[in-house]
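One structure is given below, encoded as structure tokens.
4 protein chains.
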Amino acid sequence: MLRIGLLGCGRIGQVHARSASQIEGVTVTAVADAFPDPADALAAKTGATVLDADALIESNNVDAVVIGTPTDTHYDLIHAAARAGKAIFCEKPVDMSADRIRDCIKVVEAAGVPFMTAFNRRFDPNFANVQNRIADGEVGDVEIVTILSRDPSPPPISYIESSGGLFRDMMIHDLDMARFLLGEEPVSVYAVGASLVDPEIGKAGDVDTAAVTLTTASGKICQISNSRRANYGYDQRIEVHGSKGMLRAENMLENTVEVATEAGFRKAPAQHFFLERYEAAYRAEMAHFVEAVNNGVDIAPGITDGLRAQMLADAAASSLEQGKPISLE
Amino acid sequence: MLRIGLLGCGRIGQVHARSASQIEGVTVTAVADAFPDPADALAAKTGATVLDADALIESNNVDAVVIGTPTDTHYDLIHAAARAGKAIFCEKPVDMSADRIRDCIKVVEAAGVPFMTAFNRRFDPNFANVQNRIADGEVGDVEIVTILSRDPSPPPISYIESSGGLFRDMMIHDLDMARFLLGEEPVSVYAVGASLVDPEIGKAGDVDTAAVTLTTASGKICQISNSRRANYGYDQRIEVHGSKGMLRAENMLENTVEVATEAGFRKAPAQHFFLERYEAAYRAEMAHFVEAVNNGVDIAPGITDGLRAQMLADAAASSLEQGKPISLE
Amino acid sequence: MLRIGLLGCGRIGQVHARSASQIEGVTVTAVADAFPDPADALAAKTGATVLDADALIESNNVDAVVIGTPTDTHYDLIHAAARAGKAIFCEKPVDMSADRIRDCIKVVEAAGVPFMTAFNRRFDPNFANVQNRIADGEVGDVEIVTILSRDPSPPPISYIESSGGLFRDMMIHDLDMARFLLGEEPVSVYAVGASLVDPEIGKAGDVDTAAVTLTTASGKICQISNSRRANYGYDQRIEVHGSKGMLRAENMLENTVEVATEAGFRKAPAQHFFLERYEAAYRAEMAHFVEAVNNGVDIAPGITDGLRAQMLADAAASSLEQGKPISLE
Amino acid sequence: MLRIGLLGCGRIGQVHARSASQIEGVTVTAVADAFPDPADALAAKTGATVLDADALIESNNVDAVVIGTPTDTHYDLIHAAARAGKAIFCEKPVDMSADRIRDCIKVVEAAGVPFMTAFNRRFDPNFANVQNRIADGEVGDVEIVTILSRDPSPPPISYIESSGGLFRDMMIHDLDMARFLLGEEPVSVYAVGASLVDPEIGKAGDVDTAAVTLTTASGKICQISNSRRANYGYDQRIEVHGSKGMLRAENMLENTVEVATEAGFRKAPAQHFFLERYEAAYRAEMAHFVEAVNNGVDIAPGITDGLRAQMLADAAASSLEQGKPISLE
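Protein chains in written order, with our numbering: chain A, 1 to 329; chain B, 330 to 658; chain C, 659 to 987; chain D, 988 to 1316.
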């Protein structure tokens, strides 16, 4: 039995509530949001009580908190939850500042509470399968990892402006995936980028198209590319070359139907966006959190993974700014 | 609001209970089973009351019944439910005897109750997509339909013995699919078959490998093949050739990962079996039933579709026995 | 060293001339055609002498004849060439009449000359690979073979009228392929068909869309479908199900490029028609003939294979006419 | 009519001789090689006369020279051929030194002779198709180009030692492809690399695994990766993302056969290596050269393309050495 308190009842909070409800032995007992409507709606669906964030964290009826609030609130909520002895499931990024994540690590470690950074893509059945097979030695030693991630279309400029930039907002998933698949910490980061999709994104100080090269101490290479545009669906692919072969995870298409006409053989577009594409991943990451908390086993990705990804995103942003590779060690 | 009474709490009953529970405004209010354990278990999960079948059908707390009991019980349950004025969702086959299905049609029509024959594959997102595109004229006039259906492995001989034979137990889905895609009634049926998978199946009087050819009055052709064995997963494919092109629905694989080694490029096996492969189809068929009942609109596939498929299965069995094509008109 | 005399300098004769020229140690020394222009043109290309058919067959400068003339001339040419002691490579069909093929078999066997029936598709690298793997036991015992063959568009009605009909003109390739892959003689043939592509084909007494079911004594099944129309290219596929798995040969597309847009993922059409699709097969079949003649080893497909395929085509035509399966033994 | 003199009768010279022989109106009239055996052998096959290089270049019986000799001889041969007024087809790289290529440009331009740098991959039907469709605007403005090129296995260390290094020997093809597809000159080059395949390659001062990032003035990005190892065949792929969609060219596999077993669905390995994979490209590039020389039209890729690719390879090598991006303008 695990009682979950949900901090943040927006889109991602609702996803986590649904995932949690489907797990045997898990109940969402309390929800909190800065606005009453989403909190009331989610309470109605789950049977949870609406509380304010502080009360929720202190509640005797809550064993674990799921933090799905805006990023700038994570720091305080993590501190409070850790002090209250609650297990913590926290949306990425943990914080926009690596130093503040280090503070969070201290309080979490001091409190000894379980902590999960919600890099959901590690739990995508396709990507998880790739990582399992790497771990099983199926392709030998990893040499080159390629990660491609393209959103179907750019978010509003207002979102861009407060997002921390493409590297911290979007590529951070790929940077975590790089670490997950390389099995070794990157020691250098080189980034290039431009605003090719929408000049307004450039005016807002961000890029919408970018490529990053990571290297590790032993010489492994990772190439990442990102774009805020892909009219054929949400493009999410990885490819891993090792000494004994190659693994690649293709997109999930809307269906398996192919039509053949004079124009050739045509399949459906890729599944549209993250809620659909990563539905199974969201369910699996929550299941992992619940199982780890219940059984007292290690959680991965943990808070240190959150820090490492943030450091890589910071380094990528610096690299783009300075026009040179950034060394991490 | 629709209150569902579930007759039969075995594997398929549980699937329908889960599908129904996920639909807004639907409640499973009562369950019945010949054995107390499955009924109690499903009642615990859904919050339903355990009743005996007669009481469930008569209950004022039930608007619609879902019949998932053994085939030989369908006839009486349909009669009772129709007389009680309940909407009826009935697993395929409606009955093993076409004449008895004709009786059911009479009572259902007399009662004027909605009736759905649960040919779930029509609701598979891939197959439904194919049918939609045929209806939209995307490949012009249909000329040849090919349907392939192979179970991963044969059921126990005890099941085979009471199954009504491959044509009525397994191919009936494909025969319904043929009608769904051809858009015209078959007028001749020719079947061949053998027991190549397991000689015991032959001793039990059945075949485990079979092929059927259907033709329509206008000359359209459908080729169906079935086998009780496919070691690479549950093989479920259709292909439609029309005057303007071809549509084909491929298998759903376990994941999108491909590994490349000296042996070549290898993808995952097909999803294992029907509960996994047709999960979305089961949800969509229940949603269609609920929507149709709630809004008083036509249900497809209805009870006549159940009869037509049974007639085709009977004709296929006769064709195999007699070694010649059977005319249906 | 092998000196080839080419009987018939039309399209297929030119293909064989080109294939032969590319083989080390093979020379086309003489060509013959009912019309002077094609003979002169091919002589110019190959350096061969133009002779009339009789002189070519008798020539001391010719070791083997390649017969690519109209079908109704095959009989006499085979008789003359066999008596002259020449090795014979003969285009399919050997003759439109099974009885006349039996006559040819007698004279060929009496003369003891090598004879190849040019069922080129057995030499397609993809189909040959499938057969090799069946022979290697990779998919266990063959249970169901599916062969699909669709021309990009129908030939002129004038061609249809003298073609012997779809079964003898077009499906004969698939009937030979069925024997090649089943590894066992078919004992029953059932055919359905209609003229769905062009009513003029129906008026000419032929069908343009057809499906055939073959069975063997041990219960193996083969499903064949043919159409004179496929707007997405020349559709040539086979699929083999065995006790240990499935083999399928997909179409060869015009290129490997895929474009992704809002409409989805689109690949090129299939290679347009037989000269392109079976270019490698034509080369390989000639190489097999040359090697077999040079080394005195068995040729497959031989003249008996030509007879068997013709008998199956005859049976299919009878089955369509009579509306019932035809037994072959 | 075009008379070709072939300088260099090794593997690549033989490829070009074969390509040339298959073109209507082209004759290989003379061949030269530092060693008598390969020259004699090729002369025997083509009917050409064996000459020494100087005599061949001066011969009145030669209109165009094909240079397939070791790279360090290109410079002198180009100078001599240009002065002799011959059209020049030169294997890549034109020279290992960009400055020496500039010298060659001067003499070629002064002589006004046609010059082709043999970047054969531009003529691969798949890659050419991608470029045509970019030029047709099918995917809008190009934003990101990804080029992957992996040899099946590393060459001998002796070859590595005199190869000029991976960037100049192997990646130069991809650097030319990048220019071909980007449609805009790269202005910065960043390279990373390591010897992960064979430490001996590292000891020889080279890398066997490398990744390069190119950017153009307008912000377009190209990611290239190379490895000397790919056990699943010769891996040669490109992917182009534009404002209106994506184009990708997949590998050419050995055949189209797929086998399905418990292990999943397996296709053949990629075609083994460049002679097989780029057979059609070699034919098409020679056809382009012949047509351009005959009709006096522009040749692409020309000598400047050879220079640009070399400059990019030099920059990549410098980048790896210096650990920072190299600016090209």
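For every residue, glycine included, the Cβ atom is placed at its ideal position computed from N, Cα and C.
Quick caveat: nothing in here was measured; it's all calculated off a predicted structure.
(message) Quick check for students: name the residue ranges of the beta strand (DSSP E) that lie wholly in the segment 221-289 of chain A, counting only runs of 3 or more.
(response) 221-227, 235-242, 245-249, 257-261 and 264-267
(message) Measuring straight from C-alpha to C-alpha, what distance separates D/D1285 and D/A1069?
(response) 17 Å
(request) Assign A/E301 to one of three DSSP states: helix, strand, or coil. (result) Correcting the residue type first, residue 301 of chain A is Pro in the shown sequence and not Glu. Residue state, collapsed to three classes: coil.
(message) Looking at the secondary structure, which residues open and close the beta strand (DSSP E) in which B/V516 lies?
(response) P515 to A523
(request) Along the alpha helix (DSSP H) that carries C/M838, what are the first and last residues, could you check? (result) Here the sequence assigns Phe to residue 838 of chain C, which means Met is not the residue at that position. Per DSSP, C/F838 belongs to the alpha helix (DSSP H) from M829 to L840.
(message) Among the candidates A/R308, A/F274 and A/G233, whose CA atom is the shortest distance from the CA of C/D917?
(response) It should be pointed out that residue 917 of chain C corresponds to Val in this sequence rather than to Asp. The shortest Cα separation from C/V917 among A/R308, A/F274 and A/G233 belongs to A/G233.
(message) Whether or not the segment 195-203 of chain A and the segment 344-361 of chain B are in contact is what I'm after, with contact meaning three or more pairs of Cβ atoms, one per stretch, closer than 8 Å; do they touch?
(response) no
(message) Are the CB atoms of A/I172 and A/L312 within a distance shorter than 9 Å?
(response) yes
(message) Checking the sheet assignment: what are the DSSP bridge partners for B/V660?
(response) Any answer about residue 660 of chain B is impossible in this case: the structure gives chain B only from 330 up to 658.
(request) Verify whether the separation of the beta carbon atoms of A/A34 and A/A48 is less than 9 Å. (result) no
(request) Look at D/P1141 and D/N1218 and say whether their C-beta atoms are less than 9 Å apart. (result) no
(request) Under the assumption that C/L839 contacts C/Q789 (Cβ atoms under 8 Å), give the Cβ distance between them as a whole number of angstroms. (result) 6 Å
(request) Please confirm whether C/E943 and C/F825 have their CB atoms less than 9 Å apart. (result) no
(message) Quick check: the Cα distance between D/E1263 and A/K244, rounded to an integer number of angstroms?
(response) 23 Å
(request) Scan the segment 772-787 of chain C for residues whose Cβ lies nearer than 7 Å to a Cβ of chain D and list them as they occur along the chain. (result) P783, N784 and N787
(message) Give me the DSSP bridge partner(s) of D/F1106.
(response) The partner list for D/F1106 (beta bridge, DSSP) is empty, contrary to what the question assumes.
(message) Please state the DSSP three-state secondary structure of C/G795.
(response) coil
(request) Within the segment 52-120 of chain A, note down every full alpha helix (DSSP H) run reaching 4 residues or more, in order along the chain. (result) 53-58, 71-83 and 98-111
(request) Pick helix, strand or coil for D/E1011, following the three-state DSSP scheme. (result) coil
(request) Quick one: list the residues of chain E neighbouring C/I802, beta-carbon separation under 8 Å, in chain order. (result) Going by chain labels, chain E is absent from the structure shown, which instead holds the protein chains A, B, C and D.
(message) Quick check on the burial criterion: 16 or more other C-beta atoms within 10 angstroms. Buried or exposed for B/M330?
(response) exposed
(message) Let me confirm a value: B/E490 is counted as buried when at least 16 other C-beta atoms fall within 10 Å, else exposed. Which label applies?
(response) exposed
(request) At 7 Å on the CB atoms, spell out the chain C contacts of B/T544, in chain order. (result) V850
(message) Going by C-alpha to C-alpha distance, which of A/N226, A/S163, A/E254 and A/T304 sits closest to A/G205?
(response) A/S163
(request) Between the Cα of A/D208 and those of A/R150, A/I144, A/R11 and A/G8, spot the shortest distance and give me the residue it belongs to. (result) A/R150
(message) Quick check on this structure: which residue in D/F1260, D/F1261, D/L1240 and D/A1204 has the alpha carbon closest to the alpha carbon of B/R595?
(response) D/L1240
(request) Mind checking who C/L872 pairs with in its DSSP beta bridge? (result) C/V847 and C/C880
(message) Just to confirm my understanding: we take D/R1087, look at its own chain, exclude 5 residues before and 5 after, and list those with CB closer than 6 Å. What are they?
(response) Y1062
(request) Would you decide whether B/E420 is buried or exposed? Buried here means 16 or more other CB atoms lie within 10 Å of its CB. (result) buried
(message) Below 9 Å on C-beta distance, what does D/A1236 contact in chain B?
(response) Chain B residues near D/A1236: none, gap ~16 Å exceeds 9 Å.
(message) Checking 9 Å against the spacing of the C-beta atoms, do D/L1315 and D/E1172 come in under that value?
(response) yes
(request) Confirm, please, whether the CB-CB distance from D/G1229 to D/V1126 is below 9 Å. (result) yes
(request) Identify the continuous alpha helix (DSSP H) that holds B/E472 and give its terminal residues. (result) Careful: B/E472 lies outside any alpha helix (DSSP H), inside the beta strand (DSSP E) at V471 to R479.
(request) List the residues of chain A that B/N560 touches, going by C-beta distances under 8 Å, in chain order. (result) Simply none; closest approach about 20 Å.
(message) Let's see if you can read the secondary structure: which residues bound the beta strand (DSSP E) around B/G339?
(response) That residue, B/G339, is in no beta strand (DSSP E); it is neither H nor E in DSSP.
(request) Assuming B/L649 contacts B/A427 (C-beta within less than 8 Å), just tell me the rounded distance between them. (result) Between B/A427 and B/L649 the Cβ distance is about 17 Å, and since that is not below 8 Å, they are no contact.
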